[in-house]
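Using my numbering, you'd call the opening residue of the sequence shown number 74 and step up by one each time.
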Amino acid sequence: MECNIGQKGRQVRLYTGIIAIVFGIALAFLTYLSIIPATLGWFAIFGSIFGGAFAIFEARKGWCIIRAIGIKTPL
Numbered sequence: 074m075e076c077n078i079g080q081k082g083r084q085v086r087l088y089t090g091i092i093a094i095v096f097g098i099a100l101a102f103l104t105y106l107s108i109i110p111a112t113l114g115w116f117a118i119f120g121s122i123f124g125g126a127f128a129i130f131e132a133r134k135g136w137c138i139i140r141a142i143g144i145k146t147p148l
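Dropping the structure here:
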């Protein structure tokens with residue numbers, strides 16, 4: 074994997090990943106309290122935490138999957 078994003082893009086991905094993981098933890102709490110239905114809640118939790126972890130991975134490696142497949146991104 075070749076570095077294909079700059080410092081600003083890495084920062085944005087890191088902050089986005091952290092926010093997504095915190096959001097996933099909040100969703101887990103709401104699902105645990107049965108405020109959100111379990112079926113929907115667990116899919117949302119998994120997606121949020123996995124997406125956040127992947128964004129943090131992209132930030133750490135300086136690599137963006139969208140740019141790697143040829144799509145231009147503003148950051």
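For each residue, glycine too, the CB sits at the ideal point set by N, CA and C. Computed from a prediction, not measured in an experiment: that's the story for all the values here.
Rounded to whole angstroms, the separation of the alpha carbons of E75 and K145 is 16 angstroms.
The C-alpha of G120 lies about 11 angstroms from the C-alpha of L100. Note that the C-beta distance between G90 and A128 is below 8 angstroms.
By the neighbour-count definition (other C-beta atoms within 10 Å, threshold 16), A93 is a buried residue. In the structure shown, S121 falls within a helical segment according to DSSP collapsed to helix, strand and coil. Annotation for K81: the continuous alpha helix (DSSP H) segment containing it runs Q80 to Y105.
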